[in-house]
Amino acid sequence: DSGVTQTPKHLITATGQRVTLRCSPRSGDLSVYWYQQSLDQGLQFLIQYYNGEERAKGNILERFSAQQFPDLHSELNLSSLELGDSALYFCASTRGGLYNEQFFGPGTRLTVL
Amino acid sequence: QKEVEQDPGPLSVPEGAIVSLNCTYSNSAFQYFMWYRQYSRKGPELLMYTYSSGNKEDGRFTAQVDKSSKYISLFIRDSQPSDSATYLCAMESGTSYGKLTFGQGTILTVHP
Numbered sequence: 006d007s008g009v010t011q012t013p014k015h016l017i018t019a020t021g022q023r024v025t026l027r028c029s030p031r032s033g034d035l036s037v038y039w040y041q042q043s044l045d046q047g048l049q050f051l052i053q054y055y056n057g058e059e060r061a062k063g064n065i066l067e068r069f070s071a072q073q074f075p076d077l078h079s080e081l082n083l084s085s086l087e088l089g090d091s092a093l094y095f096c097a098s099t100r101g102g103l104y105n106e107q108f109f110g111p112g113t114r115l116t117v118l
Numbered sequence: 021q022k023e024v025e026q027d028p029g030p031l032s033v034p035e036g037a038i039v040s041l042n043c044t045y046s047n048s049a050f051q052y053f054m055w056y057r058q059y060s061r062k063g064p065e066l067l068m069y070t071y072s073s074g075n076k077e078d079g080r081f082t083a084q085v086d087k088s089s090k091y092i093s094l095f096i097r098d099s100q101p102s103d104s105a106t107y108l109c110a111m112e113s114g115t116s117y118g119k120l121t122f123g124q125g126t127i128l129t130v131h132p
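Note that the protein sequences, when read in sequence, are chains Z and C.
Per the numbering used here, the first sequence runs over residues 6 to 118.
Per the numbering used here, the second sequence runs over residues 21 to 132.
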């Protein structure tokens, strides 16, 4: 157990809908990262927050947004969902803002029908 | 062309074999090199990380980085059925706030 928690574990929804994925980092970790894992693209970095501020952005779609709250938990919002958004979404956390060992959560499996 | 290339396998070996997993990369800015293990339906788990070139050993695992060739390897000695998983290499420049770039992953099966 990495100490990173993610909810829900599974999410099934329809195209055009909006969902929110939640992540709680390890105790004391200030940075949260979001990744998307699909069969064709592999594991891809989406976005990083450090102590409530956005620090780095990857190829995150405009339909996707994230935030980190004062208690350091983070949420990833996915809207206008398409079939191609079906994937595993992982959250990872680290102590600092630059590179540190990243601890991954168990992931949320999103299925868009 | 992807920044990090990794042979997806699958790789199947008998128990006790030495396993060699490899990645090549094109971005010379990468400074940190990691190997993650991912069991089915689980999150990636960090196995090894190295900074710059060189070797690092941890139990049955050895990581090697050759920056001149842009090539990294993970060796698993005395492989066990419990090593059956997907192995992902990952890299980071040290200036991108921890943004990891992953290889596609190699599926490894160790059969008894």
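Beta carbons are placed, not taken as given, at the ideal position from N, Cα and C, and that holds for glycine.
*asked:* I need the DSSP call for residue 34 of chain C, collapsed to helix, strand or coil.
replied: Working through the second sequence from its first residue, we reach residue 34 of chain C at position 14. In this structure, residue 34 of chain C counts as strand in the three-state DSSP scheme.
*Closer than 7 Å to chain C by CB, residue 71 of chain Z*: Here residue 71 of chain Z refers to the residue found at position 66 of the first sequence. Closer than 7 Å: no.
*Using a C-beta to C-beta distance shorter than 7 Å, which residues of chain Z count as neighbours of residue 108 of chain C?*
As a position in the second sequence, residue 108 of chain C is number 88, starting the count at 1. What residue 108 of chain C touches in chain Z: 48.
*Of all Cβ atoms in chain C, is any one closer than 7 Å to the Cβ of residue 110 of chain Z?*
Within the first sequence, the letter at position 105 stands for residue 110 of chain Z. Closer than 7 Å: yes.
*Kindly say whether residue 95 of chain Z, judged by its beta-carbon, lies nearer than 7 Å to any beta-carbon of chain C.*
Taking the first sequence and counting its residues from 1, the one referred to as residue 95 of chain Z is at position 90. Taking Cβ atoms only, chain C reaches closer than 7 Å to residue 95 of chain Z, which makes this a yes.
*Look at residue 113 of chain C and residue 50 of chain C and say whether their C-beta atoms are less than 7 Å apart.*
One-based indexing of the second sequence puts residue 113 of chain C at position 93. One-based indexing of the second sequence puts residue 50 of chain C at position 30. Yes. Within cutoff.
*Given a cut-off of 7 Å, decide if residue 91 of chain Z and residue 82 of chain Z are closer than it, judged by their beta-carbon atoms.*
Sequence index remark: in the first sequence, residue 82 of chain Z carries index 77 (1-based). Sequence index remark: in the first sequence, residue 91 of chain Z carries index 86 (1-based). No.
*asked:* For chain Z, check one thing: does any of its Cβ atoms lie closer than 7 Å to the Cβ of residue 117 of chain C?
replied: By one-based count along the second sequence, residue 117 of chain C stands at place 97. Yes - at least one Cβ of chain Z is within 7 Å of the one on residue 117 of chain C.
_Please classify residue 62 of chain Z as buried or exposed, where buried requires at least 16 other C-beta atoms within 10 Å of its C-beta._
In the first sequence, residue 62 of chain Z corresponds to position 57, counting from 1. Exposed is the call here.
*Measuring only between beta-carbons, confirm whether residue 63 of chain C sits less than 7 Å from chain Z.*
Within the second sequence, the letter at position 43 stands for residue 63 of chain C. Closer than 7 Å to some Cβ of chain Z, the Cβ of residue 63 of chain C qualifies, so yes.
*Taking one C-beta from the region 49 to 58 of chain Z and one from the region 28 to 40 of chain Z each time, how about it: are there three or more such pairs within less than 8 Å?*
yes
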